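Structure first, then comments.
Chains as they are written, first to last, in this note's numbering: chain G, 102 to 218; chain D, 3 to 113.
Okay, structure coming up:
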């Protein structure tokens, strides 16, 4: 089945630095990908919708200047956490759906655990 | 928008059946999913059901959908310790790819 690959799986960074997370659809094209954030013991919250070739759509309360999203190709979206702070420490997950396929499954990456120290 | 709610915790004994419940608000939700998340891992799709179905069975998993009450349940037969995880129900609308997740139910299986 379709696979979404997310990298890195874990990252530790210092406060004030930026971290880039990649999300790739391996065997299908995704004009739209989604970025979620999961706080400990909580559900997944949609952060933004990443649109290939255009600006991302951010959910209310998500700072677009802090969480930069770039969807440069039909198989790659990146999320950059800029000037990271400890409160940005979280589990970030991307997802995509194969628009050409007949299935309805939303495929998820493995997630990235970000720890800001 | 869609709201999806679940109970937070469920504890069962190994070999018993587990039933995880979910309610949603948007009656036009077309696809309803159950995902499993093991500690520190991403999401694994367990099963999904179309809104025009009442029930779907896949090996040990049975999904029941009551559209009138906007209630979705996941039954795991013969629950094993490897089933211990957080289970999320989720919904999406036709043609609208955003998936809205429930709060997640932590399933603890006691040996």
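Glycine included, each C-beta is placed from N, C-alpha and C at the ideal position.
This structure is a prediction, so every number in the text was calculated from the model and none was measured.
- Can you tell me whether DSSP reads residue 189(G) as helix, strand or coil? helix
- Message: Taking beta-carbon pairs under 7 angstroms, can you tell me which members of the stretch 128-142 of chain G lie near chain D?
- Response: 133 and 135
- Compile a chain-ordered list of the residues in the stretch 64-98 of chain D whose CB is closer than 9 angstroms to at least one CB of chain G. 88, 90, 92 and 94
- In whole angstroms, what separates the C-alpha of residue 69(D) from that of residue 56(D)? 8 angstroms
- Item | Status (buried if at least 16 other CB within 10 Å, exposed otherwise) for residue 172(G) | buried
- Message: Against residue 154(G), what residues of chain D qualify as contacts under a CB-to-CB distance less than 9 angstroms, listed in chain order?
- Response: Near residue 154(G) there are no residues of chain D at all, since even the closest Cβ is about 16 angstroms away, more than 9 angstroms.
- Task: Put residue 128(G) into one of helix, strand or coil per three-state DSSP.
- Result: coil
- Query: Taking only beta-carbon atoms, is residue 111(D) less than 8 angstroms away from chain G?
  - Reply: no
- Would you decide whether residue 38(D) is buried or exposed? Buried here means 16 or more other CB atoms lie within 10 Å of its CB. buried
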